[in-house]
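First the structure, in the form of structure tokens, and then the observations on it.
Numbering (this note's numbering), first residue to last: 157 to 585.
So, in structure tokens, the structure goes:
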């Protein structure tokens, strides 16, 4: 509430002031007040606009929902196709109706001159939610001039139950709706596999892990192996057969015996012998497998082929073994030699034929001279491929090697020529 004396109070206070008054002060304050008022008015208009938009949207949604409910509650227009049950007389043309109620005829009336109407769905109209999208409408027709009526006996059961849908379908002028059969679509990725491998060239990359038993005919011992990196180049002759070439690099991590051995003896205060041994631990081959692949179905394939290989290099270590006599051995070395002596004696060996006792003094790793190793290898291969998707496949491969790795040395392990390989392939094209 405003005080009516507030203006007089300010005027008296202004008249009794003890300081100078500058009108610009009041103008500055008035401008600041006006600025704040404009901000308040702007905020009010923004708030009012937001409220108007929100309430307008709600009102529009309510109107739309009400319209949709009214549309759902309306009956679908139907076209009446007449079926006359009397044998003679003129056909009566019945205009389209929207009555969807199945009404039983009065006991004194008959079906003569009456039509059973089947709705015909027009383009753009949703199908009514009824069984098989069909609605059977039986309605009593009004009296029509020149309409032939033949008296019949009222059936014991309601007429609607006696009317069979198959009788209606047999009528001449009944509009029927035929539905297309539902055919399940094939899986898209299988279709893509078939299209992709129809014919032509394919290229890709592959990697594999290689495994082989370390002891002949023994699957319970330690396994040794390696890996392979290869390119893929194939030509699809037809939907079933294709030719594949897989140039690449194979690594064989083998357990070899001594590749080369030499002994250096020096005489000083006593005999000193140093034994040098070259022991390979991996062989590297360039390979060029060639296979024929037969596709059983879009996911499963079998292949058979040959695998020539060329030795690129041997990697291993140079071992230095120093001979120690009985007086030079440590307690641990003496115990080791004694255990070897007892084992040889139990096996029937002559202890005097035991090799001299050598102790490993040092090793050096690097590339070895490949003299004594076969540079060419040949193997047969057979395998199975599983297509994960159009680009990626898994495979299991068995290999039998016809040749030996060594040409002039005896291997003490890894005599098995059967190996197993698992890998993954990726097709670029």
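For each residue, glycine too, the CB sits at the ideal point set by N, CA and C.
The continuous beta strand (DSSP E) containing residue 535 extends over residues 532-543. Boundaries of the beta strand (DSSP E) harbouring residue 405: 404-408, taken from the DSSP string.
One alpha carbon belongs to residue 456, the other to residue 583, and they sit about 16 Å apart. Taking a contact as a CB-CB distance under 8 Å, the pair residue 551 and residue 541 counts as one, their CB atoms being some 5 Å apart. In summary, residue 494 is exposed, with fewer than 16 beta-carbon neighbours lying within 10 Å of its beta-carbon over all protein chains present.
At least 8 Å separates the beta-carbon of residue 400 from that of residue 473. Taking a cut-off of 8 Å for Cβ pairs, the stretch 480-489 and the stretch 458-470 do not touch, as fewer than three such pairs fall below it. When beta bridges are read from the DSSP output, residue 491 appears opposite no residue. Taking C-beta atoms as the reference points, residue 530 and residue 362 fail to come closer than 8 Å.
Beta bridge pairing from DSSP links residue 464 with 534. Straight-line spacing of the CA atoms in residue 429 and residue 388 works out to 53 Å. Of the candidates 516, 544, 535, 442, 535 places its Cα closest to the Cα of residue 573. Your pair residue 585 and residue 393 does not check out as a contact, with CB atoms roughly 17 Å apart and the cut at 8 Å. The DSSP-derived three-state label of residue 184 is helix. Going by beta carbons, residue 516 and residue 434 fall outside the 8 Å limit.
The alpha-carbon separation between residue 403 and residue 544 amounts to approximately 23 Å. In this structure, the alpha-carbon of residue 532 lies about 34 Å from that of residue 452.
A Cβ-Cβ distance of about 6 Å is found for the pair residue 447 and residue 460, placing them in contact under the 8 Å criterion.
With distances taken between CA atoms, residue 465 lies nearest to 441 out of 419, 441, 479. Residue 521 is bridged by DSSP to 473. In summary, residue 463 is buried, with 16 or more beta-carbon neighbours lying within 10 Å of its beta-carbon over all protein chains present. Judged by their CB atoms, residue 391 and residue 398 are nearer to each other than the 8 Å cut-off.
Residue 415 and residue 498 have their C-alpha atoms some 28 Å from each other.
8 Å or more divides the Cβ of residue 367 from the Cβ of residue 549. Residue environment: residue 364 is assigned as buried (16 or more neighbouring CB atoms within 10 Å of its CB, all protein chains considered). If you draw a straight line from the Cα of residue 208 to the Cα of residue 217, it is about 14 Å long. A distance below 7 Å between beta-carbons, with the five flanking residues on each side excluded, links residue 563 to the following residues of its chain, in chain order: 528, 529, 530. Residue range 416-423 is occupied by the beta strand (DSSP E) that includes residue 416.
Under the criterion of beta carbons closer than 8 Å, residue 554 and residue 537 qualify as touching, at roughly 7 Å. Beta-carbon to beta-carbon, residue 437 and residue 409 are separated by about 7 Å, close enough to satisfy the 8 Å threshold. With fewer than 16 other Cβ atoms inside 10 Å of its own Cβ, residue 423 counts as exposed. With respect to the 8 Å criterion, residue 432 and residue 421 are not classified as neighbours on the basis of their beta carbons. In the DSSP assignment, residue 363 is bridged to 385, 580.
For the options 526, 478, 203, 454, the alpha carbon positioned closest to that of residue 546 is the one of 454. One Cα belongs to residue 357, the other to residue 396, and the distance between them is close to 14 Å. For residue 551, the three-state secondary structure derived from DSSP is strand.
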